[in-house]
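The sequence shown runs 0 to 193 under numbering that gives the first Met the number 0. Where is the CB? At the ideal position from N, CA and C, for every residue including glycine. Step one of this worksheet: look at the structure below.
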Amino acid sequence: MRDLAALFVRNRAHGNVGIHLVHGRFAIPENTVLLGINHDMPRCRWGKATTMQTMDLSNVHGRIFVLTDRGFHPHEYQIGPVPDLSRVDGTFLPELADFLSTNNLAMLVGLQVIDMYPSHMLELVLSRGTIMLHASNLNGCVLTRQTGWKFEVENGEPRVCQANEMHGQTRTGHEVITKVTHIQKQFSISRIHF
Numbered sequence: 000m001r002d003l004a005a006l007f008v009r010n011r012a013h014g015n016v017g018i019h020l021v022h023g024r025f026a027i028p029e030n031t032v033l034l035g036i037n038h039d040m041p042r043c044r045w046g047k048a049t050t051m052q053t054m055d056l057s058n059v060h061g062r063i064f065v066l067t068d069r070g071f072h073p074h075e076y077q078i079g080p081v082p083d084l085s086r087v088d089g090t091f092l093p094e095l096a097d098f099l100s101t102n103n104l105a106m107l108v109g110l111q112v113i114d115m116y117p118s119h120m121l122e123l124v125l126s127r128g129t130i131m132l133h134a135s136n137l138n139g140c141v142l143t144r145q146t147g148w149k150f151e152v153e154n155g156e157p158r159v160c161q162a163n164e165m166h167g168q169t170r171t172g173h174e175v176i177t178k179v180t181h182i183q184k185q186f187s188i189s190r191i192h193f
């Protein structure tokens with residue numbers, strides 16, 4: 000992890016992008032992608048399978064990228080403007096690709112655009128999508144695994160930090176959430192429109 004932190008800091012990518020534990024959530028139908036949108040009340044991020052033809056490509060960017068034999072490919076998309084990555088060195092992506100390939104991490108770790116509104120979020124899997132909510136808005140859920148990391152500089156040295164995204168599960172285990180009773184405090188699941 001320290002070598003990754005040094006790579007991100009050396010290329011001025013820290014603070015903008017981090018790494019993500021690549022994991023499947025549910026089967027996405029053909030000709031669709033996982034598309035997320037952020038909401039403020041409560042602070043959350045919905046992700047759902049969306050047909051590519053219905054996306055407004057002028058207001059969408061890649062959020063999580065996986066390394067393929069043709070370079071980095073979006074694994075998940077996000078509605079909103081493309082973040083400013085102009086300060087990131089041009090050598091960053093080739094150097095990261097080489098590091099992931101050399102260390103056999105390409106199938107495990109992806110590149111993630113860091114959320115500009117940092118908060119402690121838990122991701123729950125729904126029947127046809129995902130939701131990430133601030134941990135304080137969930138009642139009866141526990142953390143299961145860290146899924147994102149970011150990098151910072153502290154006293155001139157690269158530092159590995161959690162990127163505030165974790166998988167969550169109910170007390171009965173990691174499961175697909177389909178009932179209102181699983182999400183209660185300050186949030187109404189009736190707002191889901193899948």
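Exclusion of the five residues before and after E94 leaves L6, N10 as the residues of its chain whose Cβ lies within less than 7 Å of its Cβ.
With 16 or more neighbouring CB atoms inside 10 Å of its own CB, L137 falls in the buried class. The beta-bridge partner set that DSSP reports for R158 consists of E151. For the 7 Å CB-CB criterion, H19 and I63 form a contact. DSSP places T146 in the coil class of the three-state scheme, outside both helix and strand.
Within the same chain, and ignoring the five residues on either side of V87 in sequence, the residues whose Cβ sits closer than 8 Å to its Cβ are N10, R11, A12, N15, V16. Within the same chain, N58, H60 come within 8 Å of P80 by CB-CB distance, once the 5 residues on both sides are set aside. When DSSP states are grouped into helix, strand and coil, V87 belongs to the coil group. Inclusion of L66 and A96 in the CB contact set at 7 Å is warranted, their separation being smaller than that value. Counting only residues of its own chain and dropping the five nearest sequence neighbours on each side, V32 has a CB closer than 8 Å to the CB of A48, T49, M51, M54, P73, E75, Y76.
In this structure, I113 lies away from C43, with their beta-carbon atoms at least 7 Å apart. According to DSSP, N37 shares a beta bridge with R44.
Straight-line measurement puts the Cα of R1 at about 17 Å from the Cα of Q111. Around the beta carbon of E156, a 10 Å sphere encloses fewer than 16 other beta carbons of the protein chains shown; the residue is thus reported as exposed. DSSP places L6 in the uninterrupted alpha helix (DSSP H) bounded by 1-9. Taking a 10 Å sphere around the C-beta of L84, we find fewer than 16 other C-beta atoms and assign the residue as exposed. Its Cα nearest to that of I78, the residue H38 stands out among T90, A4, H38. Around the beta carbon of T146, a 10 Å sphere encloses 16 or more other beta carbons of the protein chains shown; the residue is thus reported as buried.
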